[in-house]
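Participant:
Number of protein chains: 2
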Amino acid sequence: MKKKLIPALSGLLVGIVASTVFFADYTNVGPKSVADTSTKSNAEKVYVPFGEQDEYYLFASGGHSGQMFIYGVPSMRHIRTVPVFSQDSATGYGWSDHTKELMGDYTWGDLHHPAFSETKGEYDGKWMFATDVANSRAAVMDLETFTVKDILDVPNTSGPHCAMFVTENTEYMFLPTRFAVPFGSEYASLDEYSSKYYGVMSAVQFNEEKEELGVSWQVALPPWSYDLSDAGKGPSHGWAVVTTYNTEEATTNLEINASQADRDYIVLFNWKELEKMVADGQYEEVNGQKVIFPEKHKGGLYLVPVAKSPHGVDVTPDGKYFIASGKLAPAMTVFSFEKAFAAIEAGDFSGEKYGMPVINYESVMEREVNPENALGPLHTQFDDKGMAYTTMFISSEIVKWDPTTGETVDRVPVQYSPGHSVAAEGDSVSPDGKWLISLNKIAKDSYLSVGPSHPESMQLIDLSGDKMEVILSAPVNPEPHYAQIIKADKLSPIEVYPKDETNPDAVYSQDQTRIERKGNEVHVYGIAMRSKFIFDAKAERPDVIEVNEGDKVVIHLTNIDFDEDITHGFAINRHDLNMEVQPGQTETISFTADKAGTFPIYCTNFCSALHQEMTGYLLVKPSN
Amino acid sequence: MKKKLIPALSGLLVGIVASTVFFADYTNVGPKSVADTSTKSNAEKVYVPFGEQDEYYLFASGGHSGQMFIYGVPSMRHIRTVPVFSQDSATGYGWSDHTKELMGDYTWGDLHHPAFSETKGEYDGKWMFATDVANSRAAVMDLETFTVKDILDVPNTSGPHCAMFVTENTEYMFLPTRFAVPFGSEYASLDEYSSKYYGVMSAVQFNEEKEELGVSWQVALPPWSYDLSDAGKGPSHGWAVVTTYNTEEATTNLEINASQADRDYIVLFNWKELEKMVADGQYEEVNGQKVIFPEKHKGGLYLVPVAKSPHGVDVTPDGKYFIASGKLAPAMTVFSFEKAFAAIEAGDFSGEKYGMPVINYESVMEREVNPENALGPLHTQFDDKGMAYTTMFISSEIVKWDPTTGETVDRVPVQYSPGHSVAAEGDSVSPDGKWLISLNKIAKDSYLSVGPSHPESMQLIDLSGDKMEVILSAPVNPEPHYAQIIKADKLSPIEVYPKDETNPDAVYSQDQTRIERKGNEVHVYGIAMRSKFIFDAKAERPDVIEVNEGDKVVIHLTNIDFDEDITHGFAINRHDLNMEVQPGQTETISFTADKAGTFPIYCTNFCSALHQEMTGYLLVKPSN
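Those protein sequence lines, which keep their order, are chains A and B. Numbering-wise, the first sequence is residues 91 to 714 according to the numbering used here. Numbering-wise, the second sequence is residues 91 to 714 according to the numbering used here.
(1) Counting beta carbon pairs with one atom in the stretch 561-576 of chain B and one in the stretch 503-523 of chain B, are three or more of them shorter than 8 Å?
(2) Check distances from the C-beta atoms of the stretch 513-542 of chain A to those of chain B and list, in chain order, the residues that come in under 9 Å.
(3) Using 10 angstroms around the beta-carbon of D195/B, count the other beta-carbons present and answer buried if the total reaches 16, otherwise exposed.
(4) With a threshold of 8 Å between beta carbons, is V732/A in contact with chain B?
(5) List, in chain order, every chain B residue whose beta-carbon is nearer than 9 Å to that of D579/A.
(6) Could you check if S582/B is buried or exposed, using at least 16 other CB atoms within 10 Å of its CB as the buried criterion?
(7) Around the Cβ of T592/B, are there at least 16 other Cβ atoms within 10 angstroms (buried) or fewer (exposed)?
(8) Could you confirm whether any beta carbon from chain A is found closer than 8 Å to the beta carbon of I575/B?
(9) Residues in its own chain within less than 6 Å of T197/A by CB, not counting five upstream and five downstream?
(10) Would you mind telling me which residues of chain A sit closer than 8 Å to T189/B, beta carbon to beta carbon, in chain order?
(11) Return the first residue and the last residue of the beta strand (DSSP E) that I382/B is part of.
(12) Drop a sphere of 10 angstroms on the beta-carbon of R664/B, count the other beta-carbons inside from all chains shown, and report buried for 16 or more, exposed for fewer.
(13) Can you tell me whether D115/B is buried or exposed? The criterion is at least 16 other CB atoms within 10 Å of its CB, across all chains shown.
(14) Which class does M548/A belong to by DSSP, given the choice of helix, strand or coil?
(15) Leaving aside the five residues before and after H658/B along the sequence, list all residues of the same chain whose C-beta is less than 7 Å from its C-beta, in chain order.
(16) How would you write the range of the beta strand (DSSP E) that L708/A sits in, first residue to last?
(17) With distance defined between alpha-carbon atoms, name the residue in D222/A, D438/A, G211/A, V566/A nearest to P521/A.
(18) Over what stretch of residues does the beta strand (DSSP E) that includes H469/B continue unbroken?
(19) Does the Cβ of A464/B have 16 or more other Cβ atoms within 10 Å, making it buried, or fewer, making it exposed?
(20) Can you tell me the Cα-Cα spacing of P712/B and A278/A, whole angstroms?
(21) Can you give the Cα-Cα distance for V172/B and M231/B, rounded to whole angstroms?
(22) Going by C-alpha distance, which of G445/B, D473/B, I413/B is nearest M455/B?
(23) Please list the terminal residues of the continuous beta strand (DSSP E) segment that includes E345/B.
(24) Go through the stretch 187-261 of chain B residue by residue and report every complete run of the beta strand (DSSP E) that reaches 3 residues or more, in order.
(25) Could you check if K300/A is buried or exposed, using at least 16 other CB atoms within 10 Å of its CB as the buried criterion?
(26) Is the CB of K589/A under 8 Å away from at least one CB in chain B?
(27) For K711/B, go through chain A and note every residue whose CB falls closer than 9 Å to its CB, in chain order.
(28) Let me know if F545/B comes out buried or exposed under the rule of 16 or more other beta-carbons within 10 Å of its beta-carbon.
(29) Using a Cβ-Cβ cut-off of less than 7 Å, give me the residues of the stretch 588-611 of chain B that come near chain A, in sequence order.
(30) Between P312/B, F296/B, S315/B, which has its C-alpha nearest S306/B's C-alpha?
(31) Report yes or no: do three or more beta-carbon pairs, one from the stretch 234-246 of chain A and one from the stretch 178-195 of chain A, lie closer than 8 Å?
(32) Under three-state DSSP, which class holds W525/A?
(33) From the beta carbon of T494/B, is the nearest beta carbon of chain A less than 8 Å away?
(34) List, in chain order, every chain B residue whose beta-carbon is nearer than 8 Å to that of T171/A.
(35) If distances are taken between C-alpha atoms only, which option among E462/A, I434/A, S284/A, S518/A comes closest to A321/A?
(36) Note down, in chain order, each residue of its chain lying with its Cβ closer than 6 Å to the Cβ of A686/A, except the 5 sequence neighbours on either side.
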């Protein structure tokens, strides 16, 4: 088996390669086709004049920005930042009561791998999911309002990096961990790494009615790092795949020590089987979670050997194959689900690791694909003709190739060091084949310099001609680890929040506004409208809140301008308070009036010609 | 005098006008010129292909985002967000020790009115200043590194909205307040508004050597709202102007009550004279500040009557005139500095307000300019031919006109409701006359919908032809209250941070790395490099930090990859900690290890093919 593995670079060479940006050698690629399918210039292709709109939405992971960034394609214009894991003063996210509660104990996150909800393997335009590597959480965003509905702290996990994206009908998101820790992040010496540390894969489900995420069950995996993953579809529905590295179980200097063995594994798992095992009580309870331990609870989990330290693994749109990208090996490996199922059926195993049978590499490998001089394959996307597009981090290019033959069809250089790429609906069962965006880690000299640290870069590639062509470079907010592109007509965002007469905090008319005192709590039921705040219409000064030093102040504010795009903001001078009320929306913000004084209140969102006049006062009477 | 004032809309009409977006009537404007100066299509004009770079930088105020947004012009690509007043997890701003200290007690701000430092009235490309309306601060950003160097809490002030931009040689920034409060924000009933509340103008200076902002002196102004402002230049050097509204001193419902009187004022002041008064001891000390009270310390301050509730006031590039924009009046008023100086010399006053002489309107007014059907003039920019460009908020258009004749030269509709606009170096002594960007408050249907709240919008206008032409619409992060455009070749950002051997926290070689315990404080002197952390090279596991529960942990981290754009991040799982080290930079982050356990450390910025392997552990030994 070992002989068949692609020879990987030595540890030393890896160090050199990793610290240098290589450029592809294109001497073997033919001249640019003159038969372009379009007579438009590149400038015209990406230009969306006023009155027209982009064809696609791009949802890009913000990485350590913690947010989701929404762009239009092909114009690559950044339309909106949707706050998810990090505070966002632009929208008051993290200051208003309910967003503060959503964020829990955290002020930021590291958003990886966004994924649209799917029905029959198609993006259904309803929800968007994402994980937080930094603080081990998962989030769901509603695509009607572009706001986060729930954030789940995933117990027993540390760094759910490789969100599975979702299964074919959004049955599950699988969240295996990049870091191994003891259960509950308990203290344990690294000398006991192999016995006490675990990787944990969480099967997370979304309750659409309650708009809540929850952990259904977990699998205790060996203390390896789990990297990227994908769900089966069609013939592989019910299955999923995850890449691993550091199967060496190194506890220090992973750069060298996790790159020693010639092979790591892909974890291949039958989630329908695992689900059944849990239903049958085949689990142990750990910190309140149902956890499958493969050594005790056998079945459903298999290992497929793969060239060392793979990064991405991607299932082809027809669900027949999964493609591992070598990262340190120069090749992609195409594996067959059909062959894997047959091997499992036949018990064609070379051994077992931590209770998981290891399938023979030769039995499941379909082909190894090694484009000449291409280095550092990371991730693969697909078009409508079955072609695969793989990013080459080290040789800085996109390679288009045919998974059924292994033939290299086309190559195009990108600037520089692409991580993921994303094609229009390119990981669904029916990719559109229209655009590919290379998500580059290094921009360097691509744009005007903004100091020692440059933005990441997105490059739009036109797939409509015979040859791929990079037609636009756009800087991007840090850091697009992955993105998805959805047809614009699949989304139907609401225009204003509808009236909700059942909401006890909402006030829709001036005569309902009031300030109520309950002990030392003061509740304000106010409205924001062009161009004033009305906290109590009956008061001498309806836009003034007067409280006593030490009072808890709870301000409920409803925006009664039921007009698209008429958003009001709310801030109190020198109070570090900030919230936004979108048209029709009711929001609440609470604070303790712990300093006596006179503090202006004002609208932070320019809302009318008299916006500057949209002010009031908070008066806090001294307690002595 | 009253007769000469432009008749303003009644209070009732104001309400209607303010809540409706009007569109300009262009029946009086001639057909579009066929003689374009360029044969390029609009798409080609804004397209900057890879390998070429934008001609200008745009620095846009982020408003309640709290940040500065940097764009390239003409591509309108967003290159970078520079955090100023709000936390920014993308860069660790607000988590690392020194950025947390910069932010003080606040987590966010409302950034208004950015201003480049100037030498002889030209942008000199060295510094950028801005104010925080929410929490009454001022900040300075260094244009070599695109980072904030100092943030000043401005005492005695509430909402320094109308930053003066800077004087001709960056002698001062003047920060008058939008909100009136008692000194020190003390508690006082609104019934005592006229006697106890003040507007305060702060004269802020920047010490370039120490990279520190400081308040030199303040002026106690009447309890009015101060809106926009500008500094004199050339013949008006040493002078400055500020618009006011609510000279009615209304204390509630300003939408109606601050729009009652037919006129408000422009405060015209001689800052050289005020400086001299302070030197002569003509001030009182209030909360540690030197404060001029005009009723006691006479001189240097004058009032110019102007049509009700003006918004912007802009000095022409030649320094001869200042132009007030009506907001509620349909007109711009051109005032002459020369006439003002003569009136002051002659004592040509109609009375006095709060110790400030009121100059006769007729004596200083040069002309009233009232373009047909134009409504809601807010702000004015200039080109290289002396032409003025004024945004019309209500009629949603830009009007080009000649300040020396009052003639309307051209008009172009914008979508929708422009606040400020900004021309290439358009408020300096030598505008470039190349591009004008309309900063629109409402985008509505301009882009793909992202729910009830849409982004603001920027529209790029080509000034090179006979007629203005909107050639690109770009969504923009909230909220561009103002922006400045600087020629790209005026900036020279550094490529990497230079070694600083005098920095006791910096470590540039592996053998200097160490972990030192001082009582219950643990100091880590570590390095980040592709692709590992080394906290103590001599340890068995150099990338592990082991401490005791309750220890204070101080991590100093130096990025020793002296390569442009190779930035590393630092985060600890489940610790809500996050910082960034740019190439060559040393940063420090401190925390108390208050929970025992095992917590992975990792690099958050994808930095090499082995970035995923750039990890370590924080082990916190339980105390019992």
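Heads up, the beta-carbon is just placed ideally off N, CA and C, and yes, glycines get one too.
Facilitator: In terms of the structure at hand:
(1) yes
(2) K531, I532, A533, K534, D535, S536, Y537, L538, S539, V540, G541, P542
(3) exposed
(4) There is no way to answer for residue 732/A, as the model of chain A reaches only from 91 to 714.
(5) In chain order: nothing, as chain B lies at least about 10 Å away.
(6) exposed
(7) exposed
(8) no
(9) Q177
(10) Correct list: empty, because the minimum Cβ distance to chain A is about 13 Å.
(11) 379-382
(12) buried
(13) Here the model assigns D115/B a pLDDT of 43, short of 50, so the residue's position is not dependable and the matter cannot be decided.
(14) strand
(15) A618, N649, V671, C693, N695, C697
(16) 705-711
(17) G211/A
(18) 467-472
(19) buried
(20) 10 Å
(21) 9 Å
(22) I413/B
(23) Segment 344-347 is the alpha helix (DSSP H) holding E345/B; no beta strand (DSSP E) there.
(24) 201-209, 212-222, 227-232, 237-243
(25) exposed
(26) no
(27) Y277
(28) Correcting the residue identity first, residue 545/B is Pro in this sequence and not Phe. Flag for P545/B reads buried.
(29) none
(30) F296/B
(31) yes
(32) strand
(33) no
(34) N567
(35) S518/A
(36) E639, V710, P712
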